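In my numbering, the protein residues as written are 1251 to 1692. The beta-carbon is built from N, C-alpha and C at its ideal position, and this holds for glycine as well. As the structure is a prediction and not an experimental result, all values here were calculated from the model.
Shown next as structure tokens:
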């Protein structure tokens, strides 16, 4: 016991107490800076900022796979893009696999959008334009016949076409429902939207987990301070100059590691010595699910965007052809008893041309109500409720993966960044308290 006390007295006599006490303070501040700047690295800038370096793309292809993941390198750019926006497409893919795909098939999802209500809205919006459309097609295809028809007969044709409209539109919406699996690919739609709008992915992360992200930054100081206590003992025991920067690397790496662990691990609730232990993010799964569902329903999977995808997506030609095929019989039904006389007057080929032209003109106008922003907003509530319900039902591990997988492979950059800053903090402490950078501290 006396030997231990003598050793402690000798150790205390050789300690620079001012330096000793400031080490945990330094590591605490560095820990806070590491997590704050790491948060910046996650989300900013939204688009790549840097310079193109000739030959970098070729060199990057020879580097280890981890190095190739640094944003911009594989495109020959030296700079930075936030990890989350840089992985926007991957986030979209995971969102589909983990949540949206669980809503069921595209057909089941389409059924949730109330096709009958969509059909009613299409009829309401399309009906006022129908007389002008009939007039436009007939004047282009057979102007003489159309002008020679008495006004009453022309109005009768228009009235008959309008009378057929609800049935035709119902057929169209039903046909879309039957073939929706071939016409709509939610995964492509979501991935393309996230890729084109990386700021939306940032919004998903921040709106859903801002509270946990703020806690991670605050705990950076706590973790750094606590880790700095053993560092201070080691530094003041051996008095080897390189120990402080080396241990700073460990502190910086572990601080970031603990910050990520605090938020995401463990996924399932555990009890350790009677204390509830679970990732902070998981404790608010129900609340986070509501926020997540609102963003997806209002900005990603909207009726407006479904309409865009159906008409202008990779299978848009098939959608247009399907709608046109459904519209052609309306002309025959509208002609009614006049059809034989019209066939004689204009010829079978010209009559078929009129049907085709009318169907083609009607295609775009039929789908326009899908793009009605106000109607889409009304439908968003149904999508939001459905998404929120499915997201809340996710197993905790799947819920974590949905948010974390997009950045998990890139977390090493955050840890490496923490290690570099930890080493820099160690050198700064040496400079201030040992190397005379600030004379009154050395």
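| Item | Value |
| --- | --- |
| From residue 1478 to residue 1291, what distance separates their C-alpha atoms? | 24 Å |
| Using the beta-carbon count (16 or more within 10 Å), is residue 1297 buried or exposed? | exposed |
| Which value, in whole angstroms, describes the spacing of the CA atoms of residue 1669 and residue 1322? | 22 Å |
| DSSP three-state call for residue 1426: helix, strand or coil? | helix |
| Are there three or more Cβ pairs, one per stretch, closer than 8 Å when the region 1624 to 1642 is compared with the region 1538 to 1549? | yes |
| Just to confirm before moving on: does the CB-CB distance between residue 1419 and residue 1369 stay below 7 Å? | yes |
| Thinking C-alpha only, which one of 1648, 1541, 1561 is nearest residue 1457? | 1541 |
| For the putative contact between residue 1209 and residue 1654, defined by C-beta atoms under 8 Å, what is the C-beta separation to the nearest angstrom? | This structure does not reach residue 1209, given that the chain is present from 1251 up to 1692, and the question cannot be answered. |
| Do residue 1532 and residue 1517 have their CB atoms nearer than 7 Å? | yes |
| Using a Cβ-Cβ cut-off of 6 Å (strictly less than) and excluding sequence neighbours within five positions of residue 1269, which residues of its own chain qualify? | 1683 |
| Starting from residue 1284, trace the beta strand (DSSP E) both ways and give me its first and last residue. | Careful: residue 1284 lies outside any beta strand (DSSP E), inside the alpha helix (DSSP H) at 1267 to 1293. |
| Where residue 1385 and residue 1571 are concerned, what is the direct C-alpha to C-alpha distance, given to the nearest angstrom? | 23 Å |
| The beta strand (DSSP E) with residue 1521 in it runs from where to where? | 1520 to 1522 |
| Give a yes or no on whether the C-beta atoms belonging to residue 1356 and residue 1434 are separated by under 7 Å. | yes |
| When you compare each of 1687, 1273, 1265 to residue 1471 by their alpha carbons, which one comes out closest? | 1273 |
| Threshold first: 3 residues or longer. Then list the beta strand (DSSP E) segments lying entirely within the region 1453 to 1524, N to C. | 1520 to 1522 |
| Whose C-beta lies closer than 7 Å to the C-beta of residue 1529 among residues of the same chain, with five residues either side of it excluded? | 1513, 1514, 1515, 1516, 1517, 1650 |
| From the DSSP output, in three-state form, read off residue 1688 for me. | coil |
| Do the region 1463 to 1470 and the region 1301 to 1309 meet, that is, are 3 or more Cβ pairs less than 8 Å apart? | no |
| Leaving out the 5 sequence neighbours to the left and right, which residues in its chain are closer than 6 Å to residue 1281 when beta-carbon positions are compared? | 1470, 1471, 1473, 1474, 1505 |
| Quick check on this structure: which residue in 1536, 1331, 1416, 1667 has the alpha carbon closest to the alpha carbon of residue 1449? | 1331 |
| Our contact map puts residue 1459 next to residue 1672 with C-beta atoms below 8 Å; I'd like the distance itself, whole angstroms only. | That belief does not hold up - the Cβ atoms of residue 1459 and residue 1672 are roughly 25 Å apart, past 8 Å. |
| What are the start and end residues of the beta strand (DSSP E) that includes residue 1550? | Looking at the DSSP string, residue 1550 is not in any beta strand (DSSP E), and its letter there is neither H nor E. |
| Kindly indicate which three-state DSSP category residue 1565 falls into: helix, strand or coil? | coil |
| Please work out which residues of its chain come closer than 7 Å, Cβ to Cβ, to residue 1559, disregarding the five sequence neighbours upstream and downstream, and give them in chain order. | 1434, 1439 |
| State the CB to CB distance for the pair residue 1326 and residue 1299, rounded to an integer number of angstroms; the pair is presumed to be in contact (CB under 8 Å). | 14 Å between Cβ atoms; not a contact. |
| Kindly list the residues whose CB is nearer than 6 Å to the CB of residue 1502, restricted to its own chain and excluding five residues on each side of it in sequence; keep chain order. | 1284, 1668, 1669, 1671, 1672 |
| Residue 1536: buried (16+ other C-beta within 10 angstroms of its C-beta) or exposed? | exposed |
| Taking only three categories from DSSP, how would you classify residue 1594? | For residue 1594, the pLDDT reaches just 49, beneath the cut-off of 50, and the residue's location in the model is therefore unreliable, although a value from the coordinates is still provided. Looking at residue 1594 - three-state DSSP - the assignment turns out to be helix. |
| Taking all protein chains shown into account, decide if residue 1519 is buried (16 or more other Cβ within 10 angstroms of its Cβ) or exposed. | exposed |
| With 16 other CB atoms within 10 Å as the buried threshold, where does residue 1522 fall? | exposed |
| Give every residue of the same chain whose Cβ lies closer than 6 Å to the Cβ of residue 1594, excluding the five residues on either side of it in the sequence, and list them in chain order. | At residue 1594, the pLDDT of 49 sits below 50, so the modelled position is not reliable and the matter cannot be decided from this model. |
| Using the Cα positions of residue 1381 and residue 1630, report the straight-line distance between them to the nearest angstrom. | 32 Å |
| On the criterion of 16 or more Cβ atoms from any shown chain inside 10 Å, does residue 1428 qualify as buried, or is it exposed? | exposed |
| How long is the line joining the alpha carbons of residue 1312 and residue 1483, rounded to whole angstroms? | 43 Å |
| Look at residue 1373 and residue 1415 and say whether their C-beta atoms are less than 7 Å apart. | yes |
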